[in-house]
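To start, the structure itself, in structure tokens.
Number of protein chains: 2
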Amino acid sequence: MARSMHVRRPATLASLAAELGVSRTTVSNAYNRPDQLSPELRRRVLETARRLGYPGPDPVARSLRTRKAGAVGLLLTENLSYAFRDPAAIGFLEGLALACETAGQGLLLVPANPEREDVAAVHRAGVDGFVVYSVPDDDPHLAAVLERPVPTVVCDQPDLADVDRVGIDDRAAMHQLAQHLIALGHRRVGVVCMRLARDRNDGFVPLSRQESAHFHVQRSRMSGLRQAFTEVGVDWASVPVVERFDHTIAQGASAAAQVLDRDPQITALICTSDILALGALQEAERRGLRVPADLTVTGFDGIREAEQAGLTTVRQPVLEKGRAAGKLLMEIGERTKPRTVTLETELITGTTAAEPRTIAEERWFGH
Amino acid sequence: MARSMHVRRPATLASLAAELGVSRTTVSNAYNRPDQLSPELRRRVLETARRLGYPGPDPVARSLRTRKAGAVGLLLTENLSYAFRDPAAIGFLEGLALACETAGQGLLLVPANPEREDVAAVHRAGVDGFVVYSVPDDDPHLAAVLERPVPTVVCDQPDLADVDRVGIDDRAAMHQLAQHLIALGHRRVGVVCMRLARDRNDGFVPLSRQESAHFHVQRSRMSGLRQAFTEVGVDWASVPVVERFDHTIAQGASAAAQVLDRDPQITALICTSDILALGALQEAERRGLRVPADLTVTGFDGIREAEQAGLTTVRQPVLEKGRAAGKLLMEIGERTKPRTVTLETELITGTTAAEPRTIAEERWFGH
DNA sequence: TTGAAAGCGCTAACAT
DNA sequence: ATGTTAGCGCTTTCAA
Chain E
467 MARSMHVRRP ATLASLAAEL GVSRTTVSNA YNRPDQLSPE LRRRVLETAR RLGYPGPDPV
527 ARSLRTRKAG AVGLLLTENL SYAFRDPAAI GFLEGLALAC ETAGQGLLLV PANPEREDVA
587 AVHRAGVDGF VVYSVPDDDP HLAAVLERPV PTVVCDQPDL ADVDRVGIDD RAAMHQLAQH
647 LIALGHRRVG VVCMRLARDR NDGFVPLSRQ ESAHFHVQRS RMSGLRQAFT EVGVDWASVP
707 VVERFDHTIA QGASAAAQVL DRDPQITALI CTSDILALGA LQEAERRGLR VPADLTVTGF
767 DGIREAEQAG LTTVRQPVLE KGRAAGKLLM EIGERTKPRT VTLETELITG TTAAEPRTIA
827 EERWFGH
Chain C
467 MARSMHVRRP ATLASLAAEL GVSRTTVSNA YNRPDQLSPE LRRRVLETAR RLGYPGPDPV
527 ARSLRTRKAG AVGLLLTENL SYAFRDPAAI GFLEGLALAC ETAGQGLLLV PANPEREDVA
587 AVHRAGVDGF VVYSVPDDDP HLAAVLERPV PTVVCDQPDL ADVDRVGIDD RAAMHQLAQH
647 LIALGHRRVG VVCMRLARDR NDGFVPLSRQ ESAHFHVQRS RMSGLRQAFT EVGVDWASVP
707 VVERFDHTIA QGASAAAQVL DRDPQITALI CTSDILALGA LQEAERRGLR VPADLTVTGF
767 DGIREAEQAG LTTVRQPVLE KGRAAGKLLM EIGERTKPRT VTLETELITG TTAAEPRTIA
827 EERWFGH
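Protein chains in written order, with my numbering: chain E, 467 to 833; chain C, 467 to 833.
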């Protein structure tokens, strides 16, 4: 860390006390308990402090003594900077920041590169608690967090026993979306999903990988889909499912291409996030497929960009999730059993889902 | 702060050492300098740690000892959560986060409510340095930061002597934009600008307030405008300038309405941010004014939403600013004079600026 | 390779 | 209203 113009480091509380000929307690009180000493003395203390360039009690030393850091740590799956590129993550952050500022707490973004296994940053974080956002259940950073003797709230995933948790019912939400598509008449579908595990697998996903996914959220959404379609007789093993490690529109487009190449007959492309779905829309347009006339596309999250695109999707209260996580963490009280907050979702019927053309044609021709 | 399932707090490095019958140094080394003790002993230490539920060296105590917190503090003008709603701020955050994660540093968002004067959060922040983003020059939080004995980098504003700084040449950029409008033929214009001081003033801005604005960036942009138009003989005192405290599209719209109500004859509405300009576009549409046929509208920042709207604006490298600020802060080296990084901007000629209709008409009628 | 000693700078009982 | 006494839990010379 650079030393700049504004660096000094001589005076401490003790040296100030010595200079003033008072005890350290008195100086401490001047800062922390103004009512514990005469206004006159306090004024003298503060003035001398200024003269000596004493910047006030050192926050770290104070933290050590009081056992309070005044900050909440946030652990994310992704590179720190990713959080600022994903609309859903941004919404979550906003909510969490809201809860923090209400409580007067700082928010420490912990650098946890998912590619490396460098857990040191978790160990070094001077925080009073952690919020863990959407990490895989086998993430070493998560393990490191859970070892720390501070309260922790997990958001979205993973679903751990013994840890406070806030999230939505991903399975039910996706099941509902699937039923919507089924009601429209879709039986031959394809899926584009987000990262299912820590290893990169940009391509088709066998059933085994779907079932063993380390990202609880994705596993649940897949399972909701599978159940709904299996219920109406679809052989899930024959449904093309393509996974993408990076969560971008471009990757959504290329994944959609992969699915459509494998089975051009599908009538609906179900994406497990809006970002991916936005990519799928691009790919559909590129191929001259009209949505929803030729192809139905759905997303998940309910981000603003999706709304603008008229995407049929599931809206989840991302901001509220962040706020709930923060509140849960900072709520006082000894508890014995973990708390779970499950927030509501809403199926958004946009303009990207309709009856499959084949059915419409069948009707048309009086089949 | 809540205590949850995962709270324990018995073992310390000392108790572990006692249990093992070794010195504290040895335990410390087991964590921090694995090469300083036999692998066998280290294994024993770590194993006993696990058994006793010792979570590893306390980060705060370590920080106190090493005088390193492993984190950078970020101070913003706004409520913490605001940072996640403003595209330009998000871009800045992304860049800063990038720099932090590269350096393995955490990023602490310091809660500094601009409405209250509660500086305590700044004092409590356990960080190795501060980045200050776009605060007014008389902000008490800023003063508190500068008192702390850690390096500080200011971004955008204010322009302080003796402090490292990164920003753009707001004056020159706005001057250039103004000249572009002047070249198109605009002489009768209105301005919508962001907050000029800490007090709320949603309305017209007299010259005195323009000149004494505590937000350096806004002051510079205004001054660039004023100079350019004064150069071609426009009486700046007669130009309607409307200020908005809250930086939202809705406020941009209402401010635009205020300007247009005051002088319906203006041919161009210059906004000092894209967000405000987006609002102005809305208001223009609401009034049935075609842009740019009936009214020219310009912004500043170059956010993606502006690009999509085809806004004529000035693009500034927001992400790069964040990264530069982070790098500057973390660059090692004793320095004596403050460093300044000035990044390049670019005039974006979109589809919202054109020759004023009056001129076109004059030409048309062979005036 | 391991240990002993000396604080980092502060706050919080408990006196006075 | 002010001072005394004890650490908070750790790292780091220096010595063995």
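Glycine residues also receive a C-beta, built at the ideal position from the N, C-alpha and C atoms.
Quick caveat, the model's predicted, so the values are computed rather than measured.
{"Item": "Proximity below 8 Å, CB of E:LEU546 to CB of C:CYS566", "Value": "yes"}
{"Item": "Simplified DSSP state of E:GLY768, which is helix, strand or coil", "Value": "coil"}
{"Item": "Cβ of C:GLU485 within 8 Å of any chain E Cβ", "Value": "no"}
{"Item": "Backbone secondary structure at E:THR618 - three-state DSSP", "Value": "strand"}
{"Item": "Nonlocal neighbours in the same chain, by C-beta distance under 6 Å from E:LEU564, ignoring five residues either side", "Value": "ARG789"}
{"Item": "Delimiting residues of the beta strand (DSSP E) encompassing C:TYR599", "Value": "596-599"}
{"Item": "Inter-residue CB distance, C:GLU749 and C:ALA719 (contact presumed, cutoff 8 Å)", "Value": "4 Å"}
{"Item": "Chain C contact residues for E:SER529, given Cβ-Cβ distances below 7 Å", "Value": "VAL526 and GLY592"}
{"Item": "Supposed contact pair C:ARG528 and E:GLY536 - C-beta distance, whole angstroms, cut 8 Å", "Value": "Actually they are not in contact, since the Cβ atoms of E:GLY536 and C:ARG528 sit about 17 Å apart, beyond 8 Å."}
{"Item": "Cβ neighbours of E:PRO577 in the same chain (closer than 6 Å, five flanking residues each side left out)", "Value": "LEU546 and ALA587"}
{"Item": "First through last residue of the alpha helix (DSSP H) which encompasses E:LEU512", "Value": "505-518"}
{"Item": "8 Å Cβ cutoff, E:GLY572 in contact with chain C", "Value": "yes"}
{"Item": "In DSSP terms, what E:VAL632 is bridged to", "Value": "E:CYS621 and E:VAL807"}
{"Item": "Residues in the stretch 759-771 of chain E having any Cβ partner in chain C nearer than 8 Å", "Value": "none"}
{"Item": "7 Å Cβ cut-off: residues of chain E touching C:ALA537", "Value": "LEU574"}
{"Item": "Within-8 Å CB hit, C:CYS659 to chain E", "Value": "no"}
{"Item": "Among E:PHE711, E:ARG654, E:ILE741 and E:LEU809, nearest to E:THR779 - alpha-carbon criterion", "Value": "E:ILE741"}
{"Item": "Contacts of C:LEU850 in chain E (Cβ-Cβ under 7 Å)", "Value": "What the structure shows of chain C is the stretch from 467 to 833, and residue 850 of chain C is not part of that stretch, so it cannot be assessed."}
{"Item": "Proximity of C:ARG781 and C:GLY768 at Cβ, strictly below 8 Å", "Value": "yes"}
{"Item": "Best match in C:GLY487, C:GLN645, C:ALA819 and C:ARG551 for proximity to E:ALA770 [C-alpha to C-alpha]", "Value": "Reading the sequence as shown, one finds Arg at residue 770 of chain E and not Ala. When only C-alpha atoms are compared, the closest one is C:ARG551."}
{"Item": "Proximity test, Cβ basis, 8 Å: C:ASN498 and chain E", "Value": "no"}
{"Item": "Where C:THR762 sits in the DSSP three-state scheme", "Value": "strand"}
{"Item": "Exposure label - E:ALA679; buried when at least 16 CB within 10 Å", "Value": "buried"}
{"Item": "Endpoints, the beta strand (DSSP E) within which C:ARG710 is located", "Value": "707-710"}
{"Item": "Continuous beta strand (DSSP E) stretch holding C:ALA537: start and end", "Value": "537-542"}
{"Item": "Validate contact between the stretch 589-605 of chain E and the stretch 639-652 of chain E using beta carbons, cut 8 Å, 3 pairs", "Value": "no"}
{"Item": "Exposure label - C:VAL698; buried when at least 16 CB within 10 Å", "Value": "exposed"}
{"Item": "Buried or exposed (CB count within 10 angstroms, at least 16 for buried), C:LEU482", "Value": "buried"}
{"Item": "Those residues which DSSP pairs with E:THR779 across a bridge", "Value": "E:ILE814"}
{"Item": "Identity of the residues DSSP links to C:ILE736 by a beta bridge", "Value": "C:VAL657 and C:THR764"}
{"Item": "DSSP bridge partner residues for E:PHE670 (one or two, in chain order)", "Value": "E:VAL708"}
{"Item": "C:ALA819 in three-state terms, based on DSSP", "Value": "coil"}
{"Item": "Cβ contact check for the stretch 813-825 of chain C and the stretch 612-628 of chain C: 3 or more pairs under 8 Å", "Value": "no"}
{"Item": "Residues of the stretch 610-621 of chain E with Cβ closer than 9 Å to any Cβ of chain C, in chain order", "Value": "ALA610, VAL611, LEU612, GLU613, ARG614, PRO615, VAL616, PRO617, THR618 and VAL619"}
{"Item": "Cβ pair C:PHE670, C:VAL708 closer than 8 Å", "Value": "yes"}
{"Item": "Cut-off 6 Å between Cβ atoms - residues of its own chain near E:PRO706, not counting five sequence neighbours on either side", "Value": "GLY656, VAL725, ARG728 and ASP729"}
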